[in-house]
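Working notes, beginning with the structure itself.
In the UniProt record's numbering, the protein residues as written are 1 to 248.
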């Protein structure tokens, strides 16, 4: 996930957050070698950063690998309940999750990533991350947002696309074709593009002040077929209209 950085940044902090991004984006614990590969750092540098995160309580060691610490959930809760936007969208998203019997959420775009504003995770099974940031190019929520952005912005973001699974679209031209299909049908599909064995569907939410999308995610073997391509999109289109009206 590329973010433009100014001159007044501390490189060590940037690297630590790059390591955190890898931990947060991974469905399973990851080792130093994998983190180094995905951040373009040396293994010795990664080792120092990840152990600093462990010491500060933001990462946990699992055998020889690492994962985000539970402290992040506490941080998220402190932010969530004091946010007017979250209070506004919580009820409609909760209703969507109940109707779909899956994880549902609302995301907004900030600095080239899709950020979960609220996730109704009462059906969350622990197989994929909740309360997370999402890559724009490979998540249903992110692609729904990309389809609403100006062409020049999309082309810039498409050039930095990286593969998270074997199904991730990384070719800029192919991604632009995918976005054209999303605009035509009105919703986006993620077929295991961000997380293995996880499918998701999303619809953009039109507001005057920001670009958002509402999504449903579930196990690929359960969220599939007509339910994946017709039933859930229908629920999302209705939810999108309700949220757009609520957020006016």
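No residue lacks a Cβ here, since even glycine has one placed at the ideal position from N, Cα and C.
Query                                                                                                             : Result
Residue 275, buried or exposed, once every other Cβ within 10 Å from all chains shown has been counted against 16 : Outside the displayed span of the chain (1 to 248) sits residue 275, for which this structure offers no information.
Range of the contiguous alpha helix (DSSP H) that encloses residue 240                                            : 232–246
Three CB pairs or more closer than 8 Å across the stretch 91–106 and the stretch 143–158                          : no
Continuous alpha helix (DSSP H) stretch holding residue 55: start and end                                         : 43–56
Distance between residue 21 and residue 54 (C-alpha atoms, nearest Å)                                             : 14 Å
Start-to-end residues for the beta strand (DSSP E) that takes in residue 104                                      : 103–110
Three-pair Cβ contact test at 8 Å for the stretch 47–63 versus the stretch 17–32                                  : yes
Extent of the continuous alpha helix (DSSP H) to which residue 250 belongs                                        : Shown here, the chain extends from 1 to 248; a query on residue 250 therefore has no answer.
N-terminal and C-terminal residue of the beta strand (DSSP E) that residue 68 is part of                          : 65–68
Cutoff 7 Å; reference residue 36; Cβ partners in own chain excluding five residues on either side                 : 42, 43, 46
Length of the line joining the Cα atoms of residue 197 and residue 98                                             : 21 Å
DSSP three-state assignment for residue 24, whether helix, strand or coil                                         : helix
Bridge partners - residue 191, DSSP secondary structure assignment                                                : 199
C-alpha distance - residue 52 paired with residue 15, whole-angstrom precision                                    : 12 Å
One or two residues paired with residue 61 in a DSSP bridge                                                       : 66
Option nearest residue 186 by Cα separation, candidates 163, 154, 230                                             : 230
Spatially closest choice to residue 31 from 49, 95, 66, by CA coordinates                                         : 66
Cβ contact check for the stretch 111–122 and the stretch 169–183: 3 or more pairs under 8 Å                       : no
Per-residue DSSP class, three states only, for residue 12                                                         : helix
Alpha-carbon to alpha-carbon, residue 48 and residue 211                                                          : 37 Å
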